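**Student:** Provided herewith is a single structure, encoded as structure tokens, for subsequent inquiry.
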Ligand code: GUN
Ligand code: FE
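Residue numbers (my numbering): 105 to 526.
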């Protein structure tokens with residue numbers, strides 16, 4: 105059996121708002137599966153080599169539950185339009201280039217590397233509508249050590265000149281893609297109607313049926329922007345609310361992931377909670393595209409499952425350290441908008457959402473629970489001056505707000521060491 109023992113300051117978020125800290129602790133995994141965090145190394149591991157990381161922080165790695173791989177080339181540009189104009193002007197032409205497999209290979213290799221370097225080891229990711237490029241993306245993620253779900257995007261209307269399939273091609277290519285991605289071990293398919301305006305009823309009905317038949321999860325966008333919500337209302341006059349356009353086609357259940365959810369009112373939020381749908385909060389993107397400020401605290405209070413997403417390239421940061429800080433800042437803006445009636449997210453809450461909450465979508469228990477696959481970041485913050493000796497929680501706060509170059513020393517994903525700065 106392969107045993108991994110990491111020694112350092114072990115910090116994890118086993119519940120919303122709680123941090124477990126074990127100074128000089130041991131994080132142990134057997135064959136890539138965590139057996140525990142121990143203040144003293146148990147007798148049974150005597151003689152096993154220990155990777156002594158000194159005072160470094162040993163943290164859970166991130167789960168990014170919403171991002172668009174083919175938008176990576178436009179990251180940090182095109183931030184001057186609202187959602188629907190932004191899609192037509194910048195995003196769809198950028199994604200159309202992924203018809204070229206060579207281009208896809210080069211871009212996706214770089215993206216996969218940047219993800220692991222930043223400690224993101226689990227994703228729920230959109231590809232483009234291109235089958236070949238989607239398989240290349242899955243291959244590059246798998247090789248780099250990123251785990252999770254990837255979706256070939258379905259869009260058979262409102263895509264524009266170079267980014268639209270016929271219904272027939274969309275159906276055929278989805279089946280071909282599913283056939284071809286059976287061999288990946290760590291990266292699995294997720295059905296991905298881009299959003300309701302992108303898919304005809306016929307395509308939605310096909311996807312809902314396919315999800316049921318093959319037991320596949322579904323990801324999409326929900327109530328991100330006011331103009332989008334109004335448009336969906338016009339497209340589906342039979343549906344009082346946006347969520348019902350997914351529910352009516354059988355794509356509304358506990359494995360469904362919905363990004364944004366900025367404009368969900370109480371009724372829509374109740375539907376989310378009752379079905380066990382996961383909401384992905386994309387704070388950077390919501391601000392960049394002037395979409396709004398999602399009511400994340402209300403959702404948490406109501407018992408909705410919430411995780412975080414970078415939503416590149418509506419979001420302008422791939423690093424989930426930045427995404428966590430942005431989520432906390434957004435919750436403070438929400439507090440002001442709510443007349444100080446809602447609480448902002450604390451750092452430990454933000455950390456929980458960026459790690460444990462997203463990981464639970466993949467079946468993990470919160471924190472470094474025994475039985476979880478080893479997903480961890482070793483973070484060396486020793487380059488920064490200290491105003492006084494900082495607690496582990498303060499060091500974590502500083503890491504969230506102030507990303508330091510080269511601070512991520514090692515990253516573990518599903519038991520494998522996938523990045524090492526040395
Ligand atoms: N809604 C439909 N497509 C997209 C997209 O690519 N990004 C965002 N932020 N929202 C969307
Ligand atoms: Fe998105």
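Idealized CB from N, CA, C, for every residue including glycine. As the structure is a computational prediction, the values presented were derived from the model and not from experiment.
1. For the ligand GUN, is there a heavy atom less than 7 angstroms away from the beta-carbon of residue 328?
2. I'd like the ranges of any beta strand (DSSP E) spanning at least 3 consecutive residues and lying wholly in the segment 447 to 526.
3. Is it the case that the CB of residue 415 approaches a heavy atom of the ligand FE more closely than 7 angstroms?
4. For residue 425, which three-state DSSP category applies?
5. Taking the alpha-carbon positions, what's the residue 182 to residue 460 distance?
6. Would the C-beta of residue 195 count as close to the ligand GUN, meaning under 7 angstroms from any of its heavy atoms?
7. Flag residue 261 as yes when its Cβ comes closer than 7 angstroms to any non-hydrogen atom of the ligand GUN, and as no otherwise.
8. Less than 8 angstroms between the C-beta atoms of residue 354 and residue 316, yes or no?
9. Do residue 389 and residue 419 have their C-beta atoms closer together than 8 angstroms?
10. Given this structure, state the Cα-to-Cα distance separating residue 111 from residue 329, to the nearest angstrom.
11. When DSSP labels each residue in this structure, what does residue 226 get in the three-state scheme?
12. Out of curiosity, what's the CA-to-CA distance linking residue 488 and residue 223?
13. State whether the segment 249 to 268 contacts the segment 232 to 240, with contact taken as three or more CB pairs (one from each stretch) at a distance under 8 angstroms.
14. For the ligand GUN, any of its heavy atoms closer than 7 angstroms to the Cβ of residue 325?
15. Helix, strand or coil: which one does DSSP assign to residue 360?
16. For residue 202, which three-state DSSP category applies?
17. Please go through the same chain and pick out, in chain order, the residues whose beta-carbon is closer than 6 angstroms to the beta-carbon of residue 130, but skip the five residues on each side of it.
18. Cβ of residue 237 within 8 angstroms of Cβ of residue 208?
19. Taking residue 226 and residue 479 to be in contact with their CB atoms under 8 angstroms, please state how far apart those CB atoms are, rounded to whole angstroms.
20. Does the Cβ-Cβ distance between residue 278 and residue 258 come in under 8 angstroms?
21. Of the residues 441, 504, 327, 282, which one's Cα is nearest the Cα of residue 429?
22. Against chain E, does residue 447 count as a neighbour if the rule is that its beta carbon must be under 8 angstroms from one of theirs?
**Tutor:** Quick look at the numbers:
1. yes
2. 480 to 483, 512 to 517, 520 to 524
3. yes
4. helix
5. 32 angstroms
6. yes
7. no
8. yes
9. yes
10. 46 angstroms
11. strand
12. 20 angstroms
13. yes
14. yes
15. strand
16. helix
17. 109, 111, 142, 145
18. yes
19. 7 angstroms
20. yes
21. 504
22. This model lacks chain E altogether; it includes just one protein chain.
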